[in-house]
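> All letters in the sequence shown, in the order written, are residues 856 to 1498 by the numbering used here. Idealized CB from N, CA, C, for every residue including glycine.
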Amino acid sequence: MLNNYTIPPKTYFEIASLGYLLVLYLISFNDPNRKRLRSYKLFRNLEVNMLLALVVSILTYIFAYPELGTPLFICTILRTMDSIMCVMAARLFAIYLMEYVDAGRRMKWIGIVGNIIFYVYLVLMILNLPLKFILWYAPDGTYMHGALFVPIVFSGPVYYLSSGIIMLIISMRTLGPREQVALSAASIITLLGTVIQAATDGSLLLSLPFGSAGIFVLYFSLETTDYHELIKSNEKLRIAEQDAIKANRAKSDFLASMSHEIRTPLNAVLGMDELIINETRPEKQIDPSSAVRIREYADNIKDAGQILLSVINDILDLTKIESGKMEIKAAPYKLHTLTADIDTMIRIKAEQKGLTYIQQIDQRIPDRLIGDELRIRQIMINLLNNAVKYTDFGVVRLEVSSYKISDDTINLCISVKDTGIGIRSEDIPHIFGNFQRLNEEHNHSIEGTGLGLSIVKRMVELMNGRIEVSSEYGRGSVFTVVIPQTVNSGKADESAGAGIPEETEAAAPFITPECTYLVVDDNRLNLVVATRFLDDLKGRIETASSGTEALQKMREKKYDIIFMDHMMPGMDGIQTYRTAIKDPENINTATPVIMMTANALNGVREEYLDIGFTDYLSKPVDINELKRIVKRHIPPEKAIRQQ
Ligand code: ADP
């Protein structure tokens, strides 16, 4: 009998499919290390399942015949396996579709019903083995189908494929044209094969070959490495685009906040100035009461100017921090000098508001420390200024203590407490964000940019410290900062402090009647400010409004100090300086040249000093700082002390 045996023609399609699916399996296996999309894993599951289903089906239709001598139970097992593999293939196809159209979450019930159908089907197939009501072999070897064969064996695949198509239709709008065509074509081809096979009661074995054709469509349109790369780079582009939009929005928000913060004090400056102009109209007599008012307006202008300056300084600090340019410079300093300065500064502000200021410094803290005094000072002042600002009555308290963390390191604990308005618990997580001003309806009259705490936090972190806040709304707040500091065992030199200006150096009033100054600036108002400030020192002051004019003057007269602006039209300050030092006719080659500029970015001081400038003074010029610089660079005998 076996001699006459021919492979049944209805398996030819399946044998061909097995061949080309194997080829596809090898092609799609080419680069297992390459990271693929998630759908690819499901695609591989589907592909492997389809291969096995084809193998089982071909074996079944070749060998599951008792007349060939195959034992009946093997024939039954093969038929059962064949059916199960087909149902599984349809199920995996639906799972793949579900993943691709991302319907898993939105249409969970489709998956749940699919699972129930599958497990019920499995149980029925197992029950069928002893009970013989779906498929079985008669004792004479005839293969039999029960009435329930088609509904049980085909309901699963039809459900999976049709629900897959429904998901696809629902999600069509979220897919690109390529995905729409590929997924629809693959689903329709696979469903068609299953329906034809069911309609012909299994005499045309088309479900697996058509399913394999569907897999081909899926692979070459959606699962090739090239296409995955394309999707990934599109995704990267999309993220980059979103980031760019976000950055742009952040920039606009930043500019809007800055514009607001700058306009508010500017409004005060211009308004107060208008009032001064009004009070000093030629037809108006300046009596003592109007003089008092003018003084008040001038004081207000000064306050608003200080606020403007602090806004700019905050922005500079933030820019430095964000660009990673803020450096923490550790140098020896004395804690008690720092806290004494802070006491003087904050006590005045607190008392002006009728608040009690208490400073409690633990005497056991080593006084000589090594750290960035300037930044620690900035942190303390910021927190204390806030405490004063947000407290209407009661007490502002600074407590400083320490504990040892190693032989030469302590943790410095700075705590700033107030009995002010407090912070709502829901606002606390946002308090350290940029431009975060909380409780605006209550605080709108209090000046601030919402940058201070964000800068404080980042500076604390740069120093490897931490900051915490606890607050009771309406009752007060406590800000606690812990920063590690090295204890100065005595060898390091305090005079190399972290850039703290010599507070006492210029404190004693002095005049310089013997000195001659040259101020070089293209801006008329800046020249006025500098000359008026220097007027106080009673020296002779000359001005030049360009580099060329300055060079001329340097040839004609010997000066004691030259103040040079940087940004000037034509020859700028640096070019002027470089030309001057090479100029053989210049009689001021040994004269100190001070860079006096509005360029106040981090590190510029060092850059100017490297070029050769003797010192650096940032604009807006502080009169005391100007005097300190003068005193530092004129011959001591020319500074005459005044009582
Ligand atoms: P601002 O320039 O607005 O003071 P900060 O960054 O220093 O900016 O503070 C952010 C916000 O935190 C403030 O607007 C204020 O709402 C709140 N805040 C800061 N310190 C205190 C404090 N001591 N008491 C109550 N609220 C505070």
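(1) Report the three-state DSSP secondary structure of S1280 (helix, strand or coil).
(2) Rounded to whole angstroms, what is the Cα-Cα separation between A1353 and Q1215?
(3) Looking only at C-alpha atoms, which of Q1218, L906 and N1454 sits nearest to L1171?
(4) Candidates Y1463, T1444 and R1279: which alpha carbon is nearest M1422's?
(5) For K1189 and L1224, what's the separation of their Cα atoms in angstroms?
(6) Going by beta carbon distance, what residues of the same chain come within less than 6 Å of R1279, once the five residues before and after it are set aside?
(7) Please state whether the Cβ-Cβ distance between G1402 and Q1430 is less than 8 Å.
(8) Could you spell out the range, first to last residue, of the beta strand (DSSP E) harbouring P1339?
(9) Could you tell me which residues DSSP pairs with Q1215 in its beta bridges?
(10) Could you tell me whether any non-hydrogen atom of the ligand ADP is closer than 7 Å to the CB of L1308?
(11) Roughly how many angstroms lie between the CA atoms of F1109 and I1484, to the nearest whole one?
(12) Whole-angstrom Cβ separation of I1489 and T1367, contact assumed at under 8 Å?
(13) How close, in whole Å, do the beta carbons of D1273 and S1332 come, if the pair is a contact with beta carbons under 8 Å?
(14) Take I1197 and list the residues in its own chain whose beta-carbon comes closer than 8 Å to its own, dropping the five residues that flank it on each side.
(15) Spell out a yes or no on whether the region 1018-1029 and the region 987-996 are touching, meaning 3 or more CB-CB pairs, one atom from each, closer than 8 Å.
(16) Per the DSSP calculation, G1226 is bridged to which residue(s)?
(17) Identify which residue in L982, R1330, Y1015 and G874 has its Cα closest to the Cα of L952.
(18) Rounded C-beta distance between G1337 and R1321? I'm assuming under 8 Å.
(19) Under the criterion of a Cβ to heavy atom distance below 7 Å, does S817 qualify as lining the ligand ADP?
(20) Alpha carbon to alpha carbon, how far is V1124 from I1117? Give it in angstroms, no decimals.
(21) Should I1278 be counted as a contact of the ligand ADP given a C-beta to heavy atom distance under 7 Å?
(22) How would you write the range of the alpha helix (DSSP H) that T1452 sits in, first residue to last?
(23) Taking the DSSP output, what are the residues bridged to A1399?
(24) To the nearest angstrom, report how far apart T1371 and S1114 are at their CA atoms.
(25) Spell out whether any CB of chain B is found under 8 Å from the CB atom of Y1074.
(26) Since T1446 contacts I1495 with CB under 8 Å, what's their CB separation in whole angstroms?
(27) By Cβ distance, which residues of its chain are closer than 7 Å to G1277, with the 5 residues on each side in sequence left out?
(28) Taking the alpha carbon of Q1126 as the point to measure from, which residue in E1034, A1159, S1058 and R1033 has its own alpha carbon closest?
(29) Classify P1491 as buried or exposed, calling it buried when 16 or more other Cβ atoms lie within 10 Å of its own Cβ.
Put simply:
(1) S1280 falls in the coil class under three-state DSSP.
(2) Low confidence applies to A1353: its pLDDT is 43, below 50, so where it sits in the model is not reliable enough to give any reading.
(3) Just measuring C-alpha positions, the residue of Q1218, L906 and N1454 sitting nearest L1171 is N1454.
(4) The shortest Cα separation from M1422 among Y1463, T1444 and R1279 belongs to Y1463.
(5) Their backbone Cα atoms lie some 6 Å apart in a straight line.
(6) Cβ neighbours of R1279 beyond the five flanking positions: Y1328.
(7) Closer than 8 Å, so yes.
(8) Counting along the chain, the beta strand (DSSP E) containing P1339 begins and ends at G1331 to V1342.
(9) BP columns for Q1215 point to E1254.
(10) Yes, since a heavy atom of the ligand ADP falls inside the 7 Å radius drawn around the Cβ of L1308.
(11) Roughly 36 Å separates the two Cα atoms.
(12) Contact flag correct, Cβ pair sits at about 6 Å.
(13) The Cβ separation is near 6 Å, so the contact holds.
(14) Correct list, in chain order: Q1214, R1232, M1235, I1236, L1239 and L1253.
(15) Judged by Cβ distances under 8 Å, the region 1018-1029 makes no contact with the region 987-996, as fewer than three pairs qualify.
(16) For G1226, the pairing in a beta bridge is given by DSSP as A1186.
(17) For the residues L982, R1330, Y1015 and G874, the minimum Cα distance to L952 belongs to Y1015.
(18) Reading off the sequence, residue 1337 comes out as Val, not Gly. Between V1337 and R1321 the beta-carbon gap is near 5 Å, inside 8 Å, which marks them as a contact.
(19) Not covered by the structure: residue 817. The range shown for the chain is 856 to 1498.
(20) About 11 Å.
(21) I1278: yes, Cβ under 7 Å from the ligand ADP.
(22) DSSP places T1452 in no alpha helix (DSSP H) but in the uninterrupted beta strand (DSSP E) bounded by V1448 to T1452.
(23) Residue pairing for A1399: DSSP places it in a beta bridge opposite V1375.
(24) C-alpha separation (whole angstroms): 41 Å.
(25) Checking the listed chains, one finds no chain B in this structure; it contains a single protein chain.
(26) Wrong, their Cβ atoms sit about 20 Å apart, outside the cutoff.
(27) Counting only Cβ-Cβ distances below 7 Å, and skipping sequence neighbours, we find S1326, E1327, Y1328, G1329, R1330, G1331 and S1332.
(28) Correcting the residue type first, residue 1126 is Gly in the shown sequence and not Gln. Nearest C-alpha to G1126: A1159.
(29) Answer is exposed; the Cβ neighbour count stays below 16.
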